[in-house]
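Chemist:
In our numbering, the protein residues as written are 1160 to 1296.
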């Protein structure tokens, strides 16, 4: 009778041992895969943020060039808004993505852009990186 019980006990402990081993292997694989996946997501998100900041920087540069050519081109309110946009762009913590102000600054930048765009009656919009077109049949 003891040999039968020992047989079942060893079978049960084998199952438990294999479950533990599988869990540890899966956990270790998840650590490696998770780091790589996190890196890829971070690169993609960083690119998107940089692209949007670059778009706003380009708009500010064009508007400032227009002001240099004709200082009366835009109202003082619009000029002030352009200056505030420039300050927000320079204040954005590009090298510190974990800074808690990144969302706050980006939202303020988007709002300023919409206000200036409306004041200039310009149909200018940031659409982001072009998405692949889906062809339907």
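Yeah, the Cβ is synthetic: ideal placement off N, Cα and C, and Gly gets one too.
Rounding to the nearest angstrom, what Cα-Cα distance links residue 1276 and residue 1266 in this structure?
Modeler: 15 Å
Chemist: Mind the definition here: the stretch 1217 to 1224 touches the stretch 1237 to 1251 only if three or more C-beta pairs lie below 8 Å; say whether that holds.
Modeler: yes
Chemist: Given a threshold of 16 other Cβ atoms within 10 Å of its Cβ, counted over all protein chains shown, does residue 1268 qualify as buried or as exposed?
Modeler: buried
Chemist: Taking the alpha carbon of residue 1253 as the point to measure from, which residue in 1200, 1207, 1192 has its own alpha carbon closest?
Modeler: 1207
Chemist: May I ask you to report which of helix, strand or coil DSSP gives residue 1254?
Modeler: coil
Chemist: Measuring alpha carbon to alpha carbon, tell me which residue in 1285, 1284, 1255 is nearest residue 1201.
Modeler: 1255
Chemist: Could you spell out where the alpha helix (DSSP H) holding residue 1266 opens and where it closes?
Modeler: 1261 to 1279
Chemist: Any Cβ of chain D within less than 8 Å of the Cβ of residue 1216?
Modeler: Looking for chain D here will not work: only one protein chain is present.
Chemist: Beta carbon of residue 1228, beta carbon of residue 1278: below 8 Å?
Modeler: no
Chemist: Is the distance from the Cβ of residue 1283 to the Cβ of residue 1248 below 8 Å?
Modeler: no
Chemist: Residue 1264 and residue 1285 - do their beta-carbons sit closer together than 8 Å?
Modeler: no
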